[in-house]
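Visitor: The structure that follows is given in the form of structure tokens.
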Amino acid sequence: LELGGNAPFIVFDDADLDAAVEGALISKYRNNGQTCVCANRLYVQDGVYDAFVDKLKAAVAKLNIGNGLEAGV
């Protein structure tokens, strides 16, 4: 029985946003997002939505994307 593939990532108004962003990155980008338990949907409460998105955008912008065989990637 395959139960992976529908994993939500939920961020409530009282969440530690730095920890939530770190968790979202680890959950979604682990193994290039090719795991059955990676987050596929992010639900963020209105009260922290803008701040979470800004922090997530900044964190994603720092990721090195490219050939994994190259140094620094």
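Just so it is clear: in the sequence shown, position 73 is 73 by UniProt numbering, and no numbers are missing.
No residue lacks a Cβ here, since even glycine has one placed at the ideal position from N, Cα and C.
Considering I10, what are the terminal residues of the beta strand (DSSP E) in which it resides?
Guide: Within the sequence shown, numbered from 1, the residue matching residue 10 stands at position 10. Taken as a continuous stretch (DSSP letters only), the beta strand (DSSP E) holding I10 covers 7-11.
Visitor: Leaving out five residues on either side along the sequence, give the residues of the same chain with a beta carbon under 7 Å from the beta carbon of V48.
Guide: Counting from one through the sequence shown, the residue named residue 48 turns up at place 48. Cβ within range, chain order: V11, D13, A15, L17.
Visitor: Residues in its own chain within less than 7 Å of Q45 by CB, not counting five upstream and five downstream?
Guide: Translated into the one-based positions of the sequence shown, residue 45 becomes position 45. Closer than 7 Å at the Cβ level, and outside the excluded window around Q45, lie V11, F12, D13.
Visitor: With a threshold of 8 Å on Cβ separation, who are the neighbours of R30 within its own chain once the five nearest residues in sequence on each side are excluded?
Guide: Sequence index remark: in the sequence shown, residue 30 carries index 30 (1-based). Within the same chain, R30 has close Cβ partners C38.
Visitor: Based on DSSP bridge pairs, tell me the residues matched to V44.
Guide: Position 44 of the sequence shown, counted from the start, is the residue given in the question as residue 44. V11.
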